[in-house]
Structure formats: C-alpha cells, structure tokens
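Following: one structure in structure tokens, then a few remarks.
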Amino acid sequence: MLPSTGDDAAADSAHNHPSDGDAPASSAEDIESLEHFYFILSGYRLVPTHPLSVDLSIPSALCILHRTLPSGSWGSEKEAARVEQEVVDLWLGQARSRSDPPDVPVAAAVGPPAASPPLPSRQSFSGVVCHSARAGLDLFLTAMRGRRPTEDSGIAVGGPYVDRNEVLISAVSIPDIARILRYHGCVPVPIDLDVRTAQMTPQAVEAAISPRTWALFVTHIYGRFNPVDPFADIADKHRLCLIEDCAEAFAGTEYTGHPRSDVALFSFGTIKTQTALGGALVRFRDPDVAQGARQLRMEWPVQSTVRYRRKVLLVLVILVLQKPNGSRLLLSLVRALGLDHRPLFIDLLRNFKAGGEMDRLQQFRLRPCLGLLRALKYRLQYWDPTAFDNDMNKLRVFTRGLESHGIGVPGSAAHTVNFWLYPIICPPHVHPKRMERALEAYGVFASLGSTQLTLIHPPATGSYPRPTNADALMKQVLYLPVHRHVSEEQLRVMSRAVVHAFSALAQPQPRARL
C-alpha cells in the first residue's frame with residue numbers, strides 16, 4: 001500500500017476553496033522547502049523525466065535493430081508476405097476474442113465462473129499489417145467506399161458517405177482520426193464521455209443517431225477498456241458500421257477486438273505498449289473488405305528500411321538517456337541552453353510531423369518494410385502477460401492512493417483499468433500549467449502536451465450538442481510521468497509530491513489589507 005500523506009481535510013480543501021492568479025507565496029515556499037527533501041528521498045529526483053515512455057528495453061531494441069539488417073531473401077515481396085502472415089497468425093492464432101475485454105482479477109468471486117460466449121475461429125477474421133493505425137483506418141474507409149448496401153446489411157453504404165455520412169466518434173480523440181474521416185467525405189459527430197469510464201455512454205450514442213448516421217467509432221483511450229457489447233447492439237439495431245479503435249489499449253493477444261466490430265485497430269507505434277517502433281495490426285470482420293484493403297495497400301510505396309533503422313538507433317539513444325545518469329545529463333544540457341526537454345522529447349518520439357492534409361496522408365500511406373514486419377513478429381513472440389498484469393496492478397494501487405486524497409483520475413471506473421498514459425484532473429480553479437510548475441519543484445515532470453488527444457468539436461453546421469464533459473476534461477487534464485516501468489519507490493515519492501502540490505495550491509489566497 002502507498003503511505004498515507006497529509007490528511008483528508010487538506011485534500012478536500014482543494015475543491016472547496018477556489019482561488020485565482022498565481023499560487024500564494026506560502027504555497028510556493030512550502031514547495032521549495034520540500035524540494036530538497038524529495039531529492040534526497042528519491043535518490044534520482046530527475047527520473048522519470050516525461051509522461052511518455054518507450055516500452056522497450058535496450059536489449060530488445062538491439063534485437064529489433066538486428067532484424068532491420070539485410071539477410072538472404074531481404075527485400076523480396078514473397079519474404080515480406082511470409083513474415084506478415086506469421087505476424088497475423090501469431091496475433092489471431094493465439095486470440096480468444098470475447099464479447100468483453102478481459103476482467104481485472106477480483107479478490108473474491110462468488111460462484112463458478114460464467115461460461116464464455118462461443119469463441120470465433122481464427123478463420124472468422126482477417127488480419128492486415130499496416131504502417132500505422134491511421135493507415136489501417138484509411139484503407140478500411142477506401143475499401144468500403146465502392147461497396148453497395150445489401151438487403152441484410154446496411155453498413156456498406158453506396159457512395160458511403162453520401163446519404164449517410166455521419167460517424168459518431170468519441171469526443172476525445174486525435175485530430176488525424178477526424179481528418180481522415182473528413183477526407184473520405186464523412187462528418188465526425190463527437191459524443192460526450194463519462195469521465196469516470198473515459199468512454200461514451202450508450203444513452204448518448206442512441207440520442208445522437210439520425211438518418212444520416214453511417215458508423216459508430218468506439219475508442220478506448222488512455223489504455224482503459226469498457227464493454228463494447230452495448231455499442232455492438234446499437235450498431236446492429238440501426239445497421240451501422242462499428243469501428244473499434246484500440247490503438248492505445250493493446251494488452252496482449254487475448255483481445256483482438258469485439259467479434260462484431262467491422263474493423264479493430266491496434267497500434268505498435270513508438271510510444272505504445274509493446275512497441276515495435278511502428279506498425280499496426282488491423283482486424284477485419286469481412287474477409288472481402290480485408291482483401292480489398294490488401295489490394296489497395298499494394299499501390300502504396302514500401303516504407304524506407306533505412307529510415308526505420310535510423311528510428312531504431314534514435315530510440316536506442318533515448319533509452320540510454322532515460323537511465324538515471326543519462327536523464328541528469330540530458331536535463332542539465334537542455335536547461336543550460338534555456339530549453340524545455342518535454343516538447344523536445346515529444347518531437348523525437350512522434351511518428352508523424354505536422355503538415356498539410358495530403359502531406360500527412362502521404363506520411364502514413366506506406367507499406368511496412370520487412371524490418372518492421374520482423375520487429376512486430378519479435379514483439380508478439382516475446383509478449384509477457386504476467387509482467388504486464390503485475391505492472392498494471394502496481395499502477396492501480398498508485399491510483400487508489402491518489403483518489404483517497406480527492407485527486408481525480410479519468411477512467412478509473414472503467415471495466416478494465418489499464419494504463420497507457422496517466423492523466424489526472426486538476427481542480428477547477430487551478431490551471432494545469434500552474435500544477436505542472438508546482439510538481440516540477442518536487443522533481444515530478446508532468447506535462448500538458450504529452451499526447452495529441454484533444455477535444456473533437458461538433459460540425460459547424462447543424463444542431464449538435466457540445467460535449468461538455470469532454471471539454472471540461474481537456475481543459476483540466478495533466479499527464480504524470482507514470483507508466484509501467486516506473487518503480488514502486490518512484491511511485492511512492494510521486495504520490496507524496498502530487499498530494500502535497502494539490503494541497504498547497506488549494507490553500508486560499510490571502511487578501512491584501514487596505
């Protein structure tokens with residue numbers, strides 16, 4: 001258990017005594033006076049240095065680098081097809097796709113376990129390896145574009161996106177998802193979230209369906225999982241296409257998407273769980289759509305192996321710098337230059353750079369190179385579910401410690417609480433930037449810009465409700481440097497720092513005497 005820090009009254013005051021302007025002097029003094037204490041307690045105060053991390057060890061990165069080197073049949077289409085099929089077999093062949101994501105272990109189960117629904121055979125689904133999840137979505141929408149509706153299926157809309165072009169999407173998503181939908185003639189309609197589960201509610205989805213609705217886009221953000229069954233039922237009822245975005249939520253091959261999802265997208269990008277430093281696995285419900293996607297993908301150029309190898313080398317450098325001594329060296333250097341290391345770190349890790357719409361499309365309209373395919377195969381082969389579960393349990397304990405002091409963690413009431421990023425909610429009267437500065441004084445490098453997740457705004461025309469919960473969340477969210485590789489000792493130190501910072505900023509502003 002995490003050590004108790006402060007008292008509940010101090011934590012409650014964070015929500016009951018709003019203040020504005022800069023933090024009071026007494027709070028700043030408290031923060032500074034405790035700074036050296038945390039430096040001594042942690043032993044390596046400057047680690048971790050950023051909410052984003054690369055889920056990769058140095059030996060694993062070296063193994064990936066080795067797989068980018070030329071060998072006997074290097075570069076042949078036949079070899080690439082063979083390795084891709086091995087990747088798909090590893091993924092879907094081991095899968096036991098269920099209606100709901102795996103449960104978090106419960107301490108005391110009552111009665112015998114419920115029988116699982118019939119498991120679809122591996123042949124029921126088709127898998128395609130893509131350069132990224134964005135590429136997978138682009139392929140799916142392109143493959144669906146020329147299909148015509150049949151009497152028993154309303155999801156394949158002729159000229160998708162003409163008479164029925166609205167896609168109901170989570171109000172918190174990355175901008176590229178909305179851009180890709182718009183590029184294909186769709187209209188993204190954001191649906192508000194329940195912040196406790198970090199998911200849309202079925203009631204909000206039902207209320208938003210109109211004669212123009214074509215698809216329902218379910219996104220699992222921050223690594224959280226919630227049952228897809230209610231959304232699958234809605235999709236069946238209204239004959240909607242069901243798209244499942246699991247880019248932030250890979251948790252092993254036990255779950256490869258809901259059986260009724262028309263497409264499920266899993267990402268293995270640089271900052272994702274079990275990263276292969278790129279690539280995505282896309283599972284199609286309809287083999288014909290999958291085949292169409294494969295044929296369309298063949299028109300794209302192959303990703304540069306040299307560039308991929310350079311990325312692996314860059315990540316190796318980053319992994320070295322993430323070590324305690326490397327972090328101290330990096331931070332000393334960037335501070336001496338008057339820079340903030342956080343945006344630099346994000347730029348180094350981000351897969352896609354800013355640019356015009358077509359520029360961004362061309363960035364991910366690529367076929368994965370053989371080196372990336374081999375890296376994906378290696379990462380699937382050496383996935384360790386026990387280590388992952390242990391790491392998630394460690395972070396759940398940390399979360400309960402924060403919540404016991406009144407600190408909100410979005411999605412903590414989700415069906416399955418896993419962690420990709422670690423968001424917290426700042427009190428309404430405290431701007432996240434102030435909290436970021438306060439935590440930095442303790443050696444905790446939180447960040448506002450750790451992710452491209454943002455609020456998706458309603459269409460400019462039409463009467464669409466504003467997603468107020470998602471809007472409030474995005475205005476008050478801050479990301480802690482917490483991930484599966486943070487040690488329990490660091491988590492204890494961070495828990496104390498966060499609680500003290502919240503309590504300090506919650507103190508009422510003393511009024512000046514006239």
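FYI, in the UniProt record's numbering the residues of the sequence shown are 1 to 514.
All C-beta atoms in this analysis are idealised placements derived from N, C-alpha and C, irrespective of residue type, glycine included.
> By a C-beta neighbour count over all protein chains shown, 10 Å radius and 16 as the cutoff for buried, is R367 buried or exposed?
Replying inline: buried
> So does the segment 237–256 actually touch the segment 196–203, counting three or more Cβ pairs closer than 8 Å?
Replying inline: no
> For G408, which beta-bridge partners are listed by DSSP?
Replying inline: I425
> Contact check, A438 vs A504 under 8 Å by CB: the rounded distance?
Replying inline: 7 Å
>> In this structure, how does DSSP classify A215 when only helix, strand and coil are distinguished?
In response: strand
> How about L491 and F398: do their beta carbons lie closer than 8 Å?
Replying inline: yes
>> Buried or exposed for P459, going by 16 or more other Cβ atoms inside 10 Å?
In response: exposed
> For I191, does the three-state DSSP call read helix, strand or coil?
Replying inline: strand
> DSSP three-state call for V444: helix, strand or coil?
Replying inline: coil
> Three-state secondary structure (DSSP) at V302?
Replying inline: strand
> Out of curiosity, what's the CA-to-CA distance linking A276 and S53?
Replying inline: 13 Å
> What's the call for P301, buried or exposed, on a 16-neighbour Cβ count within 10 Å?
Replying inline: exposed
>> Taking the alpha carbon of I407 as the reference point, which residue from R134, P427, P175 has its own alpha carbon closest?
In response: P427
>> So, under 8 Å CB-CB, P481 and V444 are touching, yes? Tell me the CB distance rounded to an integer number of Å.
In response: 7 Å
> Taking only runs of the beta strand (DSSP E) that begin and end inside the segment 234–305, which ones reach a length of at least 3 residues, in chain order?
Replying inline: 241–245, 263–267, 280–284
> Are V315 and T273 touching if we call contact CB-CB under 8 Å?
Replying inline: no
> Rounded C-beta distance between C63 and A280? I'm assuming under 8 Å.
Replying inline: Wrong, their Cβ atoms sit about 20 Å apart, outside the cutoff.
> Should the segment 207–224 be called in touch with the segment 234–247, which here means at least 3 C-beta pairs below 8 Å?
Replying inline: yes
>> Given this structure, state the Cα-to-Cα distance separating F268 from A470, to the nearest angstrom.
In response: 26 Å
> In three-state DSSP terms, what is I221?
Replying inline: coil
>> What does the alpha-carbon distance come out to for the pair H457 and D163?
In response: 22 Å
>> Going by the DSSP bridge assignment, what does T454 pair with across the sheet?
In response: S173
>> Is the beta carbon of T454 closer than 8 Å to that of M474?
In response: yes
> Which residues mark the beginning and the end of the alpha helix (DSSP H) in which V205 is found?
Replying inline: 202–208
>> Contact defined as beta carbons within less than 8 Å: I believe P190 pairs with I169. What is the distance between those atoms, to the nearest angstrom?
In response: 6 Å
>> Tell me the rounded alpha-carbon separation between V312 and A61.
In response: 7 Å
> When the Cα atoms are used, what is the spatial distance from V128 to Q322?
Replying inline: 33 Å
> So I424 packs on L448, CB below 8 Å; how close in whole Å?
Replying inline: That belief does not hold up - the Cβ atoms of I424 and L448 are roughly 12 Å apart, past 8 Å.
> The beta strand (DSSP E) spanning L56 covers which residue range?
Replying inline: It is not in any beta strand (DSSP E) - L56 carries neither H nor E in the DSSP assignment.
> What's the gap between the Cα of Y183 and the Cα of R396?
Replying inline: 39 Å
>> Taking the alpha carbon of D55 as the reference point, which residue from R67, L319, T468 has its own alpha carbon closest?
In response: L319
>> Can you give me the C-alpha to C-alpha distance between W91 and Y442, rounded to a whole angstrom?
In response: 42 Å
>> Among P211, C369, G257, P227, whose alpha-carbon lies nearest the alpha-carbon of K78?
In response: C369
> Can you name the residues that DSSP bridges to Y479?
Replying inline: P423, S447
> Using a Cβ-Cβ cut-off of 6 Å (strictly less than) and excluding sequence neighbours within five positions of V187, which residues of its own chain qualify?
Replying inline: N165, E166, P459
>> Per DSSP, what are the beta-bridge partners of V167 in this structure?
In response: P188, A215
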